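*Asks:* Chains as they are written, first to last, in this note's numbering: chain G, 1 to 234; chain L, 1001 to 1234; chain C, 2001 to 2234; chain P, 3001 to 3234.
Pasting in a structure now, in structure tokens, and then I'll have a few things to ask.
Number of protein chains: 4
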Amino acid sequence: MAATIEALRREVLAAHLAIFERGLARFTFGNASAIDRERGVVIIKPSGVPYHALTPAKMVACNLDGTLASGSLRPSSDLPTHLVLYRAFAEIGGIVHTHSEAAVAWAQAGREIPCFGTTHADYFHGPVPVTEALTTTDVAGAYEANTGESIVRRFQGIDPLRVPAVLVRSHASFCWGPTVEQAVECAEVLEMVARMARDTIALNPEAEPIPAALLDRHFLRKHGKDAYYGQPER
Amino acid sequence: MAATIEALRREVLAAHLAIFERGLARFTFGNASAIDRERGVVIIKPSGVPYHALTPAKMVACNLDGTLASGSLRPSSDLPTHLVLYRAFAEIGGIVHTHSEAAVAWAQAGREIPCFGTTHADYFHGPVPVTEALTTTDVAGAYEANTGESIVRRFQGIDPLRVPAVLVRSHASFCWGPTVEQAVECAEVLEMVARMARDTIALNPEAEPIPAALLDRHFLRKHGKDAYYGQPER
Amino acid sequence: MAATIEALRREVLAAHLAIFERGLARFTFGNASAIDRERGVVIIKPSGVPYHALTPAKMVACNLDGTLASGSLRPSSDLPTHLVLYRAFAEIGGIVHTHSEAAVAWAQAGREIPCFGTTHADYFHGPVPVTEALTTTDVAGAYEANTGESIVRRFQGIDPLRVPAVLVRSHASFCWGPTVEQAVECAEVLEMVARMARDTIALNPEAEPIPAALLDRHFLRKHGKDAYYGQPER
Amino acid sequence: MAATIEALRREVLAAHLAIFERGLARFTFGNASAIDRERGVVIIKPSGVPYHALTPAKMVACNLDGTLASGSLRPSSDLPTHLVLYRAFAEIGGIVHTHSEAAVAWAQAGREIPCFGTTHADYFHGPVPVTEALTTTDVAGAYEANTGESIVRRFQGIDPLRVPAVLVRSHASFCWGPTVEQAVECAEVLEMVARMARDTIALNPEAEPIPAALLDRHFLRKHGKDAYYGQPER
């Protein structure tokens, strides 16, 4: 049993190193987590510790209600957001939060990212949504948990595995996936897609999202039972 | 005979490493191919394999009708696009497809890249065209081959060796050349030209393409029998 | 006593290397300083010396009136600006001046940077102000000192530790903090925030600053007595 | 005598490596030269040779009339432009031509770069001018020499050492200075200034150039007999 949690700690550490090395997070502006659904244990970054000082042992293990499962470091202040997402989105196994710059610009502009092309369609089956602004009461109260609730509200009617990212208004992005490694890839592609969409609009303010047929074709050639991208599983 | 195909495999591998190292492709977002016209054999990337895991032997060898010539890995899902181009453009020897970001922005905006300056004119004898959108039927059918057909239709009246690149609408670019190495160079210059043209328009929305005389002068000082750029061939 | 000044020289050297390595300054376009309040000694870069040629011993030590405390190299031409700030802002311990590009664009545009999101709110408790233009007389006179005075005037009613940066109109930024190391971090975040805000406006020219409640929440979760970000001090 | 020319060959080689390493030139898209005024000899890049294959010996030595002084490689096709500048601007010792991207965008937009701030004023005493378009006859004739003539015409009334750069319309920049090393620095700063000015206009389309007093103050604190930037000459 310890072995699995140990592996998860290493995966979460690798995710933090990846978001730093790929330019998605500076200082301590990002955090990643992963969940062991059987044990109900979430592994997450300790608050305020620089990436280069992280080790598997320093990762914080929490229960789904936010109580510490082991260790003594304080978890990321964004932990309550992660927990809300793990509770609401039963199929996800990892979450990555960064302040990557182009995604932040969309979040600050309060605009969802339209699906302008196949790069986007390969990863997100539709626009990347932006949450509603929190009320003053929500900000003054359990702010980080309320952030999570605003995401869950925004995803009513959206399958989180088909649209594995969100823009939190005036803040930044959260990305997720079956594993934390996939959430990291999603965060990197989101940033790329955010840059491309920004420049698309600069070149053509009336640019249209791609047709539904093309969106489906691209998303489904990579995902689901009829996928034909990559090598057959062995 | 094997030696030539072997050399082609190494060239195609080098092209993949180059598009990755020069920032034109992340993950598996790009593919390159080359053709041995005498043997009718096309060498292309295997689908979904990361660049750092590629070897010459893992490259897929296909016939011009898309049947496997050797090996067992599945070829890039974009193979049918490459094959249509090799059949239609008899003089080209290599093709590179990337999702490089500035070129994608133009493709997503549905705008051709005007020839605003001599950097562009040194490589492309006129604007870089954008294809028409595919019909729903085309998307639902042989999508990748139909993508190739849309490129060929767009090039009616254009010499593909004088304009060795295209923007596929809502998708990304395909570049080509006498060799796959030249196609890689073309892909890198296209991205540079796409960035410069984007910023030109931001500075002057009414910017005019360069005059025909200057376009000819620059293209022809590098290409054709009166070229005077570089060292004389020995 | 010498030990402390020696440590300060090394800190100021490290600050210069950091602004260079993080892409905030090229050539000799930036300078940093730190103050020993007890001794009234300011350590600052020598004028015109490239970063890679700096050593702790080459740093210039000055008194708060600008007279040389030791050494023979001429101090940075911006020294008088630093001195005005140290005299006016009693709590600051270090200053960093760079021409980082996005911040310069805002300074040249004559616009303050609105607080569009939580990245900004984590570091700056409100917009980053821009100074008024200097008069011709101010430019012709003690130009560098007058630059400092224009900053101090602009900060009437603003706590410099809550908004530890300014844009000098038509020039560039000055950042500060309790230590020069914190001023460097502030300079890097300012540049990031300047890029994000620039792109926010491009996506939404009517973008609104974040609500006061969210601004307070983010600034205060990192600063002051109720901060809950990071690990508890031991 | 050979020693001096040898030193010049090494300086010109270093200039080429610098423009490549600093991201100002890809492939063979830039060239640099230097002149020995006493001997009337210009050292310039051989045409079409990649930067990493250059050696001091491969540099081409020409007389001011364009005839080869030694060696057998063909000089850069832009040599005639350089020669016109050396003949017209008697005080310059080195020239650098690159297609650095932001400067190209201004050249393609047909706009001079206004002096929006002190970074610009430290290097260029006024806007960076853009040439008039060449006539069809000029393009069809001695194109590269005519490019040089268009620069010289544009500089009537401008001191080339006070404004050591130009944008050739629809093409790119030429920079110069007392030495080729200073011309390289000028080319790098021009690119930086071009980016900053582009973003300034995006943030404020009505942005004003800096006042004459501030322009003079900054240019003259670095240049001329009353300069007080840097260390006194020893």
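In this text, a Cβ means the ideal position worked out from N, Cα and C, and glycines have one as well.
Quick caveat, the model's predicted, so the values are computed rather than measured.
1) Leaving aside the five residues before and after C/GLY2071 along the sequence, list all residues of the same chain whose C-beta is less than 7 Å from its C-beta, in chain order.
2) Under 8 Å, CB to CB, which of the residues in the stretch 1155-1180 of chain L have a partner in chain G?
3) From the DSSP output, read off the bridge partner residues of L/HIS1097.
4) What residue range is occupied by the uninterrupted alpha helix (DSSP H) comprising C/VAL2189?
5) What's the call for L/TYR1228, buried or exposed, on a 16-neighbour Cβ count within 10 Å?
6) Relative to the C-alpha of C/PRO2114, which residue among G/VAL189, G/GLN108, G/ASP36, G/THR118 is closest?
7) Compare the C-alpha of L/ALA1142 against each of L/VAL1084, L/GLU1011, L/VAL1041, L/GLY1117 and name the closest.
8) With 16 as the cutoff for other CB atoms within 10 Å, does P/SER3021 come out buried or exposed?
9) Hey, how far is the Cα of C/MET2192 from the Cα of C/TRP2106?
10) Within 9 Å of any Cβ in chain C, is that where the Cβ of P/ILE3019 sits?
11) Tell me which residues share the same chain as C/GLY2110 and place their Cβ nearer than 7 Å to its Cβ, disregarding the 5 neighbours each side in the sequence.
12) So for C/LEU2064, helix, strand or coil by DSSP?
13) How many whole angstroms separate the CB atoms of C/ALA2103 and C/ALA2172, which I take to be in contact at a CB cut-off of 8 Å?
14) Where DSSP assigns a beta bridge to L/ASP1036, which residues make up the other side?
15) Could you tell me whether the Cβ atoms of C/CYS2186 and C/TYR2123 are closer together than 9 Å?
16) Looking only at its own chain, which residues have a Cβ that is under 7 Å from the Cβ of L/PRO1075, when we skip the five neighbours before and after it?
17) Less than 7 Å between C-beta atoms, sequence neighbours within five positions excluded: which residues of the same chain meet that for G/ARG195?
18) Using a Cβ cut-off of 9 Å, pull out every chain P residue sitting near L/LEU1214, in sequence order please.
19) Pick from C/ALA2018, C/LEU2017, C/THR2004, C/HIS2120: whose alpha carbon is nearest that of C/VAL2041?
20) Determine whether the Cβ of C/THR2119 lies closer than 9 Å to any Cβ atom of chain G.
21) Give the range of the beta strand (DSSP E) segment to which L/VAL1152 is assigned.
22) What in chain G is Cβ-close to L/PRO1046, meaning under 8 Å?
23) Flag C/ASP2199 as yes if its beta-carbon sits less than 9 Å from any beta-carbon of chain G, otherwise no.
24) Between which two residues does the alpha helix (DSSP H) containing G/ILE215 stretch?
25) Can you tell me which of the three DSSP states G/MET1 falls into?
26) Quick one: residues in its chain with C-beta nearer than 6 Å to the C-beta of C/ASP2138, no 5 flanking neighbours on either side, listed in chain order?
27) In whole angstroms, give me the CA-to-CA distance for L/ASP1036 and L/ARG1154.
28) Alpha carbon to alpha carbon, how far is P/HIS3097 from P/THR3028? Give it in angstroms, no decimals.
29) Using a beta-carbon distance below 9 Å, is P/GLY3066 in contact with chain L?
30) Please determine, among G/GLU206, G/HIS99, G/LEU8, G/GLY230, the residue with the shortest C-alpha to C-alpha distance to G/LYS58.
31) Just the C-alpha distance for P/GLU3132 and L/LEU1024, rounded to the nearest angstrom, thanks.
32) Helix, strand or coil: which one does DSSP assign to P/PRO3075?
33) Let's see if you can read the secondary structure: which residues bound the beta strand (DSSP E) around P/ALA3140?
34) Please compile the residues from chain C whose C-beta is within a distance smaller than 8 Å of the C-beta of P/ARG3217.
35) Taking Cβ-Cβ distances below 8 Å as the criterion, which residues of the stretch 3089-3122 of chain P are in contact with chain L?
36) Quick one: which chain C residues come within Cβ less than 7 Å of G/PHE124?
*Replies:* Let's see:
1) Along the third sequence, one-based indexing puts residue 2071 of chain C at 71. So the list reads VAL2060, ALA2061, once near-sequence residues are dropped.
2) Taking 8 Å as the Cβ-Cβ cut-off against chain G, the residues of the stretch 1155-1180 of chain L that qualify are SER1170, HIS1171, ALA1172.
3) Here residue 1097 of chain L refers to the residue found at position 97 of the second sequence. Looking at the DSSP assignment, L/HIS1097 forms a beta bridge with L/ASN1031, L/PHE1174.
4) Here residue 2189 of chain C refers to the residue found at position 189 of the third sequence. From DSSP, the alpha helix (DSSP H) with C/VAL2189 extends over 2180-2203.
5) Translated into the one-based positions of the second sequence, residue 1228 of chain L becomes position 228. Around the C-beta of L/TYR1228, fewer than 16 other C-beta atoms lie within 10 Å, and the residue is accordingly described as exposed.
6) The residue you call residue 2114 of chain C lines up with position 114 of the third sequence. Nearest C-alpha to C/PRO2114: G/GLN108.
7) For the purposes of this step, residue 1142 of chain L is identified with residue 142 of the second sequence, where counting begins at 1. Of the candidates L/VAL1084, L/GLU1011, L/VAL1041, L/GLY1117, the one whose C-alpha sits nearest the C-alpha of L/ALA1142 is L/VAL1084.
8) Along the fourth sequence, one-based indexing puts residue 3021 of chain P at 21. Reading the sequence as shown, one finds Glu at residue 3021 of chain P and not Ser. That one is exposed.
9) The count along the third sequence starts at 1 and reaches residue 2192 of chain C at position 192. The count along the third sequence starts at 1 and reaches residue 2106 of chain C at position 106. Each residue's Cα considered, the two are about 12 Å apart.
10) Taking the first residue of the fourth sequence as 1, we reach residue 3019 of chain P at position 19. Closer than 9 Å: no.
11) Locating residue 2110 of chain C in the third sequence gives position 110, counting from the first residue. Cβ neighbours of C/GLY2110 beyond the five flanking positions: VAL2130, ARG2169.
12) Counted from its first residue, the third sequence places residue 2064 of chain C at position 64. Looking at C/LEU2064 - three-state DSSP - the assignment turns out to be coil, as it is neither helix nor strand.
13) The residue you call residue 2103 of chain C lines up with position 103 of the third sequence. The residue you call residue 2172 of chain C lines up with position 172 of the third sequence. Between C/ALA2172 and C/ALA2103 the Cβ distance is about 6 Å, and since that is below 8 Å, they are a contact.
14) If you number the second sequence from 1, residue 1036 of chain L lands on position 36. According to DSSP, L/ASP1036 bridges with L/VAL1041.
15) Taking the first residue of the third sequence as 1, we reach residue 2186 of chain C at position 186. Taking the first residue of the third sequence as 1, we reach residue 2123 of chain C at position 123. Taking 9 Å as the Cβ cut-off, C/CYS2186 and C/TYR2123 qualify as a contacting pair.
16) Start at 1 with the first residue of the second sequence, and residue 1075 of chain L comes out as number 75. Excluding sequence neighbours, L/PRO1075 sits near ILE1044, PRO1046, SER1047, VAL1060, CYS1062.
17) Here residue 195 of chain G refers to the residue found at position 195 when the first sequence is read from its first residue. Excluding positions up to five away in sequence, the list reads ALA102.
18) Within the second sequence, the letter at position 214 stands for residue 1214 of chain L. For L/LEU1214, the chain P residues whose C-beta falls within less than 9 Å of its own C-beta are ALA3133, LEU3134, THR3136, VAL3139, TYR3143, SER3170, HIS3171, listed in chain order.
19) Taking the first residue of the third sequence as 1, we reach residue 2041 of chain C at position 41. The candidate whose alpha carbon is nearest that of C/VAL2041 is C/THR2004.
20) Residue numbering aside, residue 2119 of chain C sits at position 119 when the third sequence is read from its first letter. Chain G contact via Cβ: present.
21) One-based indexing of the second sequence puts residue 1152 of chain L at position 152. Premise fails: L/VAL1152 lies in the alpha helix (DSSP H), 1143-1154, not in any beta strand (DSSP E).
22) On the second sequence, residue 1046 of chain L is found 46 positions in, with the first residue counted as 1. The contacting residues are GLN231.
23) By one-based count along the third sequence, residue 2199 of chain C stands at place 199. For C/ASP2199, the answer is yes, since a Cβ of chain G falls inside 9 Å of its Cβ.
24) The count along the first sequence starts at 1 and reaches residue 215 of chain G at position 215. First, the amino acid is wrong: residue 215 of chain G is Leu here, not Ile. DSSP places G/LEU215 inside the alpha helix (DSSP H), whose first and last residues are 212-222.
25) Here residue 1 of chain G corresponds to residue number 1 of the first sequence, with the count starting at 1. For G/MET1, the predicted model reports a pLDDT of 38, less than 50, meaning its position is unreliable and no value from the coordinates is stated.
26) Reading the third sequence from its first residue, position 138 is the one you call residue 2138 of chain C. These residues qualify, in order along the chain: ASN2146.
27) Within the second sequence, numbered from 1, the residue matching residue 1036 of chain L stands at position 36. Within the second sequence, numbered from 1, the residue matching residue 1154 of chain L stands at position 154. C-alpha separation (whole angstroms): 25 Å.
28) Indexing the fourth sequence from 1 puts residue 3028 of chain P at position 28. Indexing the fourth sequence from 1 puts residue 3097 of chain P at position 97. Straight-line Cα distance between these residues: approximately 11 Å.
29) Position 66 of the fourth sequence, counted from the start, is the residue given in the question as residue 3066 of chain P. No, its Cβ sits nowhere closer than 9 Å to a Cβ of chain L.
30) Residue numbering aside, residue 58 of chain G sits at position 58 when the first sequence is read from its first letter. Nearest option by C-alpha distance: G/LEU8.
31) In the fourth sequence, counting from the first residue as 1, residue 3132 of chain P sits at position 132. In the second sequence, counting from the first residue as 1, residue 1024 of chain L sits at position 24. Each residue's alpha carbon lies about 35 Å from the other.
32) Here residue 3075 of chain P is taken as the residue at index 75 of the fourth sequence, counted from 1. It is a strand residue.
33) For the purposes of this step, residue 3140 of chain P is taken as residue 140 along the fourth sequence, with counting starting at 1. First-last for P/ALA3140: 3136-3140, but that is the alpha helix (DSSP H), not the beta strand (DSSP E).
34) As a working mapping, residue 3217 of chain P is identified with position 217 in the fourth sequence. Near P/ARG3217 (Cβ distances below 8 Å), the residues of chain C are VAL2139, ALA2140, TYR2143.
35) HIS3099, GLU3101, ALA3102, VAL3104, ALA3105, TRP3106, ALA3107, GLN3108, ALA3109, GLY3110, ARG3111
36) Within the first sequence, numbered from 1, the residue matching residue 124 of chain G stands at position 124. In chain order: nothing, as chain C lies at least about 18 Å away.
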